[in-house]
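Quick note, the working numbering runs 2 ahead of the 1-based positions in the sequence shown.
Cβ coordinates follow ideal geometry from the N, Cα and C atoms, glycine included.
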Amino acid sequence: METKKDKERIAHIRQKLGNDLFYIDDEDEPTDECVHFYFLTLHAGQEVICDCVLYTLRLHHESEMHEEAEARAAEKFAQYMKSKEADAASNEEEMGMLMAEILLELEEEEAVKVQEHLELDPDNPVGLGMDAGLHVPAITNEVITRFINDYRAGTLKLDTALYTFQISTDFE
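Encoded structure:
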């Protein structure tokens, strides 16, 4: 059920939008690979603010690679530390080298694969939270516009193929 506060937020976003389809949140400093923006749409029959973070699959892959490497490194490093005493600076250097080694292993094995996705969060305090990864080289105004139009029309089609990227090379 829409509350007075929801209506005020929608009016505020509508004012920021003006004649535009979406409003970019400058606080999060948009990049070529990740943009945080707001737009209005219907959800469950009511107008809602969509609080959306849209990013490239390459960026998502890099994030997943680092997360996996951190988990593996923490496990290996804990075992390593049990067998050796060292100072904090040495530990940090060792951990960095271990992370780099694990990242290279993950990259060679193509162990981390990602696919296009859209996660919705109806409990987002602003309205409807959206987290989406797309297989595009950059998040441009055209990509955002197509995403919003397809989402609103119910025609958003996500690629189910699994992708892997090389961290050390640029998106091709």
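State the DSSP-derived secondary structure class of residue i, mapped to helix, strand or coil.
i, result
"T94", "The sequence shown places Glu at residue 94, not Thr. Residue state, collapsed to three classes: helix."
"F24", "coil"
"H137", "coil"
"T147", "helix"
"I51", "strand"
"D123", "strand"
"L158", "coil"
"G131", "strand"
Within a Cβ cutoff of 8 angstroms, which residues of the same chain sit near residue i, ignoring the five residues on either side of it in sequence?
i, result
"H154", "For clarity, residue 154 is Arg in the given sequence; the question names His instead. The residues are T43, L44."
"E35", "Y57, T58, R60, L61, A140, I141"
Can you list, in chain order, the residues of its chain with a C-beta nearer than 7 angstroms to that of residue i? Leave out the 5 residues immediately preceding and following it.
i, result
"D152", "L158"
"T147", "L23"
"I12", "L42, E49, I51"
Using CA atoms only, rank isn't needed, just tell me which of the options is closest to residue i.
i, options, result
"G131", "Q117, M97, H137, E121", "E121"
"H119", "T162, D27, A102", "T162"
"P124", "Q48, E29, E94", "Q48"
"T20", "R74, D28, F41", "Inspection of the sequence shows that residue 20 is occupied by Gly rather than by Thr. If we check each option's Cα against that of G20, F41 comes out closest."
"H68", "L106, V37, K7, V50", "L106"
According to DSSP, what are the bridge partners of residue i?
i, result
"F41", "C52"
"V116", "Y165"
Can you name, in chain order, every residue of its own chain whose Cβ lies under 6 angstroms from the Cβ of residue i, other than the five neighbours on each side?
i, result
"F167", "R60, H63"
"C54", "F39, M132"
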